[in-house]
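Okay, structure first, notes after.
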Amino acid sequence: MKKDIIIKTTDLVAKYGDNIVLDGISVEMYKGEVTVILGTSGCGKTTLLKNILRMYQPFSGKVEIFGEEVLNLDDDQFNEILKRTGMLFQNGALLNSITVYDNVAIPLEQHTNLTREIIDRIIKTKLHLVNLDHAVYLTPSELSGGMKKRAALARALALEPEILFCDEPSAGLDPVTSADLDKLIINLKNQLNMSMVIVTHELASIHRIADRIIYLHKGKLLFAGTLDQAKKSGIPQVEEFFEIGSF
Amino acid sequence: MSKLSIKDQTLNISGKIVIANITVLLKDFDHKFGKEKISKLNLKDVEEIDGAGVSFIETILDRNKLTSESLENGNPTIMKTIEIFKTIKGESAVKPVPDNIFVKTGDNFLSFIKQIVDGLYLASDTIWWSITGIVNKKGRRKGSVTEQAIAIGLDALPIVALLSFVIGFILTLQSGFQLQKFGANVYIADLLSISIVREMGPLITAIIIAGRSGSAIASEIATMKVTEEIDALKMMALNPIKYVIVPKFHAITLTMPILVAFSILISMGAGLLISVGFLDVALEVYISRSINILAVKDIIITLIKTITFSWLIVIIGAYYGMKVTGGAEGVGKATTSSVVTSIFAVILADAAFSLIYL
Ligand SMILES: Nc1ncnc2c1ncn2[C@@H]1O[C@H](COP(=O)(O)OP(=O)(O)O)[C@@H](O)[C@H]1O
Ligand SMILES: [Mg+2]
């Protein structure tokens, strides 16, 4: 069965000043799959996500999301694409001055014309999904690091995105919460056919959730393929990554 | 597309129950079946459902006081989605209710008292460590006083100079031409000397420093607090007051008098330009009159006043920095409060000092 491509980059080059961080990355990600981006810290994983989502303008190359070349779209057109995606930032990026409830409410109030009754229920459902029922009316500063992340995930899920981007979702979470999060990711994938692009280093988590692996190394694409292929890829760095976890 | 119909108290839902459709669905429902009694929901023809769709189904169930047992014929995938995305009743936190006005007023009063007590504690700690810190330089970074003196004092020179010049200029123009009407031009020197040395110099400088350095002190300490740097210092067995506040305290105590002296000279210089240029006052007369009118008492009180202002600024800034709560937004609030409070305190203290001059 041929899978639908949902995100595709072609020769993507990204720079900070003169420092080339991504050097010609061409990858494909598929609908309904969990794609895990791997690589040592500082190798450009966050940069790749941000360039795909136009938070930084790529130096050169092409990015397609939902089959549209996003670099050619004007802001309004691109915003329509953004409404169909959600992003969990590395540090959560909740708005600090308002409660968790209001943070999740923002996209629902701004981008839909749902009634208060439904919005209220959606917010509570999303926060229940991430086990934050008790923290609904707290402000971000009253949350721990892991709770902030989960609240941010609830916000990213508010508009029922078709693609969810997660930047290190389980960093700072305990193994139990992290396993719950993986369960949620699998549920979202299976029940809602959501596509996910996830940066993570947690081997246990990768084994549970990953369909496809993208391995970046020094700005280049070192490997792209399924999880099983990755384990037997014959590429030293990639195999080493999977071995380190299994002393 | 999605559709609703009703038969024998059973609501038949068909099509896609997804976020894009449910506003229309709910309106449709209210319009057509809002008053009908419903005891069952038939999901046989539901093709797709998402999280928001589950919320829609739950809303309908809730309104009719039904449970998920009244859902019928949904295919397993749909039923599983509903199971995953349903809200669990009664587990959500309750929305906190705001206190009534009496409770609030009482709370505010108590917290005001507590603030003053806390502020005094911090002030006494700071002053104590600053005095002992003159001899015992342990527990703070080398060169930190110089660094702070540059940040608080030297970097503020241009703005203090500019504003002092402008104020001296305005003061001379406004009062000089009034005096000229009475032919009392020469008294401009006395008038400027008294008002600038006693009042304007220290006050303007203090207000500039409160806005510039007081805010910087508050935001720096508040940032250190929210990013756990203060806790880290404590864990290294260092006293945050000694490490962070004392260098600022020493620096501001040293530089404020210099800044004030500088401000006074510039203002008087501006006055001199106008007086000699436009009010026919001789240069020697201006200088000698403006020096002779001053008593030693004036200089001493100005010095004490200046140091008091500087201490108010540094302690209020440090206090708001230390008591910051919350994250990044707390830093902004702490900075604002510190500037407002220190300007208020400086003016209040100034009023107290004017009584001493009498
Ligand atoms: N805003 C920035 N300005 C300059 N350099 C940056 C910036 N963000 C990241 N970098 C650099 O780009 C490289 C990749 O960073 P990043 O994509 O955040 O790595 P990671 O794979 O850990 O997410 C790093 O070497 C980092 O120093
Ligand atoms: Mg990163």
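Chains as they are written, first to last, in my numbering: chain A, 1399 to 1645; chain B, 1418 to 1775. Each residue gets a CB set at the ideal place from its N, CA and C atoms; glycine is no exception.
Any non-hydrogen atom of ligand 2 within 6 angstroms of residue i CB
i	result
Thr1444/A	yes
Gln1488/A	yes
Contact check, residue i vs residue j, beta carbons under 7 angstroms
i	j	result
Phe1640/A	Lys1630/A	no
Gly1734/B	Gly1631/B	yes
Val1698/B	Val1614/B	no
Ile1569/B	Ala1668/B	yes
Leu1410/A	Ile1418/A	no
Ile1777/B	Ile1477/B	The question about residue 1777/B has no answer here: the residues shown for chain B are numbered 1418 through 1775.
Ser1419/B	Gly1432/B	yes
Ala1569/A	Leu1492/A	no
Ile1479/A	Val1461/A	no
Leu1460/B	Leu1488/B	yes
Ile1495/B	Val1463/B	yes
Asp1565/A	Thr1445/A	no
Lys1524/A	Leu1555/A	yes
Ser1581/B	Ile1683/B	yes
Gly1484/A	Pro1559/A	yes
Ile1658/B	Thr1563/B	no
Ile1760/B	Ile1624/B	yes
Lys1642/B	Val1577/B	no
Ile1405/A	Val1597/A	no
Pro1664/B	Gln1591/B	no
Leu1696/B	Gly1600/B	no
Gly1536/B	Tyr1736/B	yes
Thr1438/A	Val1595/A	no
Gln1455/A	Thr1498/B	no
Residues that residue i contacts on chain B, provided the C-beta gap is smaller than 7 angstroms
i	result
Pro1538/A	Gly1744
Asp1598/A	The question names Asp, yet the displayed sequence has Thr at residue 1598/A. Those within 7 angstroms of Thr1598/A in chain B number zero; the least Cβ separation is about 22 angstroms.
Asn1511/A	Thr1440
Residue i CB to nearest heavy atom of ligand 1 below 6 angstroms
i	result
Val1419/A	yes
Ser1568/A	no
Gly1617/A	no
Tyr1428/A	no
Cys1682/A	A question about residue 1682/A goes unanswered here, because the residues of chain A that appear run from 1399 up to 1645.
Tyr1454/A	no
Tyr1613/A	no
Ser1755/B	no
Gly1744/B	no
Tyr1499/A	no
Gly1422/A	no
Ser1439/A	yes
Tyr1538/B	no
Tyr1703/B	no
Tyr1736/B	no
Cβ neighbour criterion (16 or more within 10 Å) applied to residue i
i	result
Ala1649/B	exposed
Ala1769/B	exposed
Lys1444/B	exposed
Met1427/A	buried
Gly1468/B	buried
Pro1619/B	buried
Glu1431/A	buried
Gly1451/B	exposed
Ser1603/A	buried
Thr1624/A	exposed
Thr1758/B	buried
Gly1543/A	exposed
Phe1529/B	exposed
Under 8 angstroms from the C-beta of residue i: neighbouring residues of chain A
i	result
Phe1473/B	Ile1516
Val1435/B	Glu1558
Thr1498/B	Gln1589 and Leu1590
Chain-ordered chain B contacts of residue i [CB-CB under 8 angstroms]
i	result
Lys1524/A	Gly1468
Glu1560/A	Under the 8 angstroms cutoff, chain B gives no residues; its nearest Cβ is about 10 angstroms from Glu1560/A.
Where residue i meets chain A, residues with beta-carbon distance less than 9 angstroms
i	result
Gly1747/B	Asn1494 and Ser1539
Pro1493/B	Ordered by position in chain A, no residue passes the 9 angstroms Cβ test against Pro1493/B, which lies about 11 angstroms from the chain.
Leu1539/B	Within 9 angstroms Cβ-Cβ: nothing; Leu1539/B doesn't reach chain A, min ~22 angstroms.
Leu1590/B	By Cβ distance, chain A contributes nothing, its closest Cβ being about 45 angstroms from Leu1590/B, past 9 angstroms.
Contacts that residue i makes with chain A (C-beta to C-beta distance below 7 angstroms)
i	result
Lys1501/B	Per the sequence shown, residue 1501/B should be read as Ile rather than Lys. Neighbours of Ile1501/B on chain A, chain order: Asn1585 and Gln1589.
Under 9 angstroms by beta carbon: chain B residues contacting residue i
i	result
Arg1553/A	Simply none; closest approach about 13 angstroms.
- Enumerate, from N- to C-terminal direction, the unbroken beta strand (DSSP E) stretches of 3 or more residues contained entirely within the stretch 1416-1459 of chain A. 1417-1428 and 1432-1436
- Query: Whole beta strand (DSSP E) runs in the stretch 1506-1564 of chain A with 3 or more residues, listed along the chain?
  - Reply: none
- Would you mind listing the beta strand (DSSP E) stretches within the stretch 1443-1486 of chain B that are 3+ residues and don't spill past its ends, in chain order? 1457-1466
- Item | Start-end ranges of the alpha helix (DSSP H) lying completely within the stretch 1602-1638 of chain B, minimum 4 residues | 1604-1612 and 1618-1626
- In chain order, which alpha helix (DSSP H) runs of at least 4 residues are fully inside the stretch 1571-1605 of chain A? 1573-1590
- Message: What ranges does the alpha helix (DSSP H) occupy inside the stretch 1651-1737 of chain B, keeping only unbroken runs of at least 4 residues that lie completely in it?
- Response: 1663-1695 and 1700-1709
- Whole beta strand (DSSP E) elements within the stretch 1570-1603 of chain B, 3-residue minimum: none
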